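A quick write-up on the structure given underneath.
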Amino acid sequence: MTVGQKWLKFKQDGYCGSLTIRSRSEQSFESDPGYNDKHIHEAILEMDPEYTYVKVIHEGYKGSMDIPTIELGNDAAQNQDTLDNAILEGLAHLRIFREANTGAIVQFGYKLEDI
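Numbering that gives the first Met the number 0 puts the first residue of the sequence shown at 0, with every later residue one more than the last.
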């Protein structure tokens, strides 16, 4: 599936937000107008060079809302510290959290088929 097809699937699943897909040779970022989530994507992708996707879902999330909440701002260093601390608390195993400022659901992982 191409990057464009992954974005189309994201939209067909009823999501509104943004999506980054990373491969060994390229990285793409797609976003609905009005959402500025690039700082979240960048912070997540810096956590692990093996992550292949990041989804930030502002509308349309249908899963359990019983997930950790993390506050991320526009300060890249602070975001990295926040995520590093969360990893130590087990976030890396869950690969999902709610961003406190926007209420968006952030999912990330290794398998592109999980998008």
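From the three backbone atoms N, C-alpha and C, an ideal C-beta is built for every residue, glycine too. In this text, all values refer to a predicted model and were calculated from it rather than measured experimentally.
query: Range covered by the beta strand (DSSP E) that runs through threonine 19; result: 15 to 21
query: Buried/exposed call for aspartate 36, threshold 16 Cβ in 10 Å; result: buried
query: Cutoff 8 Å; reference tyrosine 50; Cβ partners in own chain excluding five residues on either side; result: Arg21, Ile43, Leu44, Phe107, Gly108, Tyr109
query: Rounded C-alpha distance that separates asparagine 84 from aspartate 74; result: 15 Å
query: Cβ neighbours of phenylalanine 9 in the same chain (closer than 6 Å, five flanking residues each side left out); result: Leu18
query: Ranges of the beta strand (DSSP E) found wholly within the region 10 to 65, counting only runs of at least 3; result: 15 to 21, 26 to 30, 52 to 58
query: Inter-residue spacing [alpha-carbon to alpha-carbon] between leucine 93 and valine 105; result: 11 Å
query: Three-state secondary structure (DSSP) of threonine 81; result: helix
query: Boundaries (first-last residue) of the beta strand (DSSP E) holding isoleucine 104; result: 104 to 108
query: Whether histidine 57 touches alanine 103 by CB criterion (8 Å); result: yes
query: Supposed contact pair isoleucine 66 and isoleucine 95 - C-beta distance, whole angstroms, cut 8 Å; result: 5 Å
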